[in-house]
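Each residue of the sequence shown is one higher than the last, beginning at 6 in this note's numbering.
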Amino acid sequence: MASDTTKPDLSEMWECPLTRWDPEGINVVEAQRECKKQPSCPLEIRASDSDNAKGAEYFVQNRENIQKELLKHGAIWFRGFDLMKGVKGHRSFYEALALDPCLDPLHSSGLRKFASERDALYEEVNKPSLRGHYIGLHSESTAKRTAAYAAFVCFQKATEGGGRFLVADGAAILAEMDTKILQKLYDRKIRISVSNLDIPPSLPGFMKDGIKDAVSVAVAPKFDMDLEMIYESDGKPGRLQAVETAESPINRHPVTGLPVWFNNAHNHARKLRDRRPCGVPEVGMTEVFYADTMEPLSLEDCNEIKRASEKHITALSMEPGDVLLVDNYRALHGRDVFGGDRFHAVSWFTWNNEEWRGDERRILEKNAFNKAINQMMDWLPKDFESDQS
Numbered sequence: 006m007a008s009d010t011t012k013p014d015l016s017e018m019w020e021c022p023l024t025r026w027d028p029e030g031i032n033v034v035e036a037q038r039e040c041k042k043q044p045s046c047p048l049e050i051r052a053s054d055s056d057n058a059k060g061a062e063y064f065v066q067n068r069e070n071i072q073k074e075l076l077k078h079g080a081i082w083f084r085g086f087d088l089m090k091g092v093k094g095h096r097s098f099y100e101a102l103a104l105d106p107c108l109d110p111l112h113s114s115g116l117r118k119f120a121s122e123r124d125a126l127y128e129e130v131n132k133p134s135l136r137g138h139y140i141g142l143h144s145e146s147t148a149k150r151t152a153a154y155a156a157f158v159c160f161q162k163a164t165e166g167g168g169r170f171l172v173a174d175g176a177a178i179l180a181e182m183d184t185k186i187l188q189k190l191y192d193r194k195i196r197i198s199v200s201n202l203d204i205p206p207s208l209p210g211f212m213k214d215g216i217k218d219a220v221s222v223a224v225a226p227k228f229d230m231d232l233e234m235i236y237e238s239d240g241k242p243g244r245l246q247a248v249e250t251a252e253s254p255i256n257r258h259p260v261t262g263l264p265v266w267f268n269n270a271h272n273h274a275r276k277l278r279d280r281r282p283c284g285v286p287e288v289g290m291t292e293v294f295y296a297d298t299m300e301p302l303s304l305e306d307c308n309e310i311k312r313a314s315e316k317h318i319t320a321l322s323m324e325p326g327d328v329l330l331v332d333n334y335r336a337l338h339g340r341d342v343f344g345g346d347r348f349h350a351v352s353w354f355t356w357n358n359e360e361w362r363g364d365e366r367r368i369l370e371k372n373a374f375n376k377a378i379n380q381m382m383d384w385l386p387k388d389f390e391s392d393q394s
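Below, the structure is given as structure tokens:
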């Protein structure tokens, strides 16, 4: 797992680019009709002996076709390639494809830990404290920032089973959704809460306001998200929630213009999280609201999101060296529960288009907060479970 120290240190990589929103004026019925025409996701590419003999040169020679196929299918599963069984080879893989690394959109939150910082390689969610936690479908995005592409690599599959990587096509989910529910969600938009702070509900109003202002000033900016601090939006007395700005659940793909299901409701909706294995502390439990009323999504709508999403999940049993290359604006990803130890990692990539990429580089001063949060998560007991009552 050693890095190639002859290559440049990528620690000061690009900042994750700003989310490219284009959701206005979408005809939902026409969008569903167009999405039904799309090819299956993911495309599977298996290495032959001659492919493996070429090493990184295989990806150089096939770069243009791989880029076209990624745009067409939304994700590509590379199987049986020897090159990507280690950190050095994984970096050679993405460099051969001319992919430019960037930060995870949630890097500054402290919830993302590097596997090899100089190679722009993050750990996936391998922490023992979260091995019993099912990660629902999501794009690696916030209302503010979204990575363009991702390369998920398997270095060690789960030693005691499970841990399959989940991927689903946002176009297929949009085509599958009940049209009336899809139209309602598109018309009303959604907002997502990302964190909870429970304080005694009996505190006087001026103290609650003081806590809210302190959190807004001292904590919220660390997350590099556009957040509003709101009390009791989920109905629990005394709960202060950090809530993202309103966003459309449907967005046009920045390159193809295809409208797709582009949101994290399957992972973040509380009604779905509470009905599957979940090991997240209450402070990190999320919720999805209708943006116009700030009411949590109804059980009916959550169940339809679950049905449409899970019908199109492909669960990948990745072997060491396998890589899933993902178009982050087209395909959603997740992870099943696992036993034992597991080591998967991911690199995020920005746009080659300089205007879309922006000129922001990593601000290293943010890293102290990131490391502190990760140390806290690493200290959690291996069989930690949240109190969801």
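Ideal Cβ positions, reconstructed from N, Cα and C, are used throughout, including at glycine.
Is the distance from the Cβ of residue i to the Cβ of residue j below 8 Å?
{"i": "Ser-8", "j": "Asp-87", "result": "no"}
{"i": "Leu-108", "j": "Arg-367", "result": "yes"}
{"i": "Ala-61", "j": "Ala-101", "result": "yes"}
{"i": "Val-293", "j": "Pro-301", "result": "yes"}
{"i": "Asp-79", "j": "Ala-336", "result": "A quick correction: the sequence has Gly, not Asp, at residue 79. Contact: yes."}
{"i": "Glu-249", "j": "Ala-148", "result": "yes"}
{"i": "Ala-173", "j": "Cys-40", "result": "no"}
{"i": "Ala-156", "j": "Val-351", "result": "yes"}
{"i": "Met-299", "j": "Arg-196", "result": "yes"}
{"i": "Trp-266", "j": "Arg-25", "result": "no"}
{"i": "Asp-332", "j": "Leu-75", "result": "yes"}
{"i": "Leu-171", "j": "Ile-310", "result": "no"}
{"i": "Tyr-139", "j": "Arg-281", "result": "yes"}
{"i": "Arg-150", "j": "Asp-229", "result": "yes"}
{"i": "Asp-341", "j": "Gly-137", "result": "no"}
{"i": "Trp-356", "j": "Pro-106", "result": "no"}
{"i": "Ser-198", "j": "Thr-291", "result": "yes"}
{"i": "Gly-141", "j": "Leu-277", "result": "yes"}
{"i": "Asn-256", "j": "Pro-44", "result": "no"}
{"i": "Glu-181", "j": "Ala-313", "result": "yes"}
{"i": "Pro-254", "j": "Tyr-191", "result": "yes"}
{"i": "Lys-42", "j": "Arg-96", "result": "no"}
So what does residue i bridge to, in DSSP terms?
{"i": "Asn-201", "result": "Gln-246"}
{"i": "Arg-51", "result": "Arg-84"}
{"i": "Ile-31", "result": "Answer is none; Ile-31 lacks a bridge partner."}
{"i": "Asp-319", "result": "The sequence given here places Thr at residue 319; Asp does not occur at that position. Paired residues: Val-172."}
{"i": "Ile-216", "result": "Answer by DSSP bridge pairing: none, since Ile-216 is not bridged."}
{"i": "Val-331", "result": "Ala-80, Ala-155"}
{"i": "His-143", "result": "His-338"}
{"i": "Phe-343", "result": "Gly-167"}
{"i": "Ala-350", "result": "Glu-128, Val-158"}
{"i": "Pro-209", "result": "Pro-209 is not bridged to any residue."}
{"i": "Ser-121", "result": "Leu-126"}
{"i": "Pro-325", "result": "Paired residues: none, contrary to the question."}
{"i": "Glu-100", "result": "Glu-100 is not bridged to any residue."}
{"i": "Met-234", "result": "Ala-247"}
{"i": "Leu-23", "result": "Arg-150"}
{"i": "Cys-107", "result": "Trp-19, Trp-353"}
Does at least one heavy atom of the ligand SAH sit under 7 Å from the Cβ of residue i?
{"i": "Glu-20", "result": "Absence of the ligand SAH from the depicted structure is noted, as is the absence of any ligand whatsoever, leaving it without description."}
For my contact list, residue i and residue j are in at a C-beta cut-off of 8 Å; report their separation, rounded to the angstrom.
{"i": "His-143", "j": "His-271", "result": "7 Å"}
{"i": "His-273", "j": "Glu-129", "result": "Not a contact, Cβ separation roughly 18 Å."}
{"i": "Ala-363", "j": "Glu-20", "result": "Checking the displayed sequence, the identity of residue 363 turns out to be Gly instead of Ala. Correct: roughly 7 Å between the Cβ atoms."}
{"i": "Ala-103", "j": "Arg-68", "result": "6 Å"}
{"i": "Lys-217", "j": "Leu-245", "result": "6 Å"}
{"i": "Ala-247", "j": "Ala-296", "result": "Wrong, their Cβ atoms sit about 15 Å apart, outside the cutoff."}
{"i": "Gly-344", "j": "Gly-215", "result": "The pair is not a contact, with the Cβ atoms about 45 Å apart (cut-off 8 Å)."}
{"i": "Leu-135", "j": "Val-92", "result": "The Cβ separation is near 22 Å, so there is no contact."}
{"i": "Val-33", "j": "Leu-232", "result": "Rounded, the Cβ-Cβ distance is 29 Å, inconsistent with contact."}
{"i": "Met-89", "j": "Val-158", "result": "6 Å"}
Every unbroken beta strand (DSSP E) within the segment 151-191, with a cutoff of 3 residues, ordered by chain: 154-161, 170-174, all fully within the segment 151-191.
The segment 195-202 / the segment 37-54 touching (three or more Cβ pairs under 8 Å): Judged by Cβ distances under 8 Å, the segment 195-202 makes no contact with the segment 37-54, as fewer than three pairs qualify.
The segment 306-326 touching the segment 67-86, judged by at least three CB pairs closer than 8 Å: As far as the Cβ criterion goes, the segment 306-326 touches the segment 67-86, which means the pair count is three or higher.
At least 3 beta-carbon pairs within less than 8 Å: the segment 303-319 vs the segment 205-219: At 8 Å Cβ cutoff, the stretches do not touch.
Contact between the segment 232-241 and the segment 9-20 (3+ Cβ pairs under 8 Å): No: fewer than three Cβ pairs fall under 8 Å.
Alpha helix (DSSP H) segments (min. 4 residues) lying fully within the segment 244-310: Annotation: the segment 244-310 contains the following complete segments of the alpha helix (DSSP H) (minimum length 4 residues), in chain order: 270-273, 275-278.
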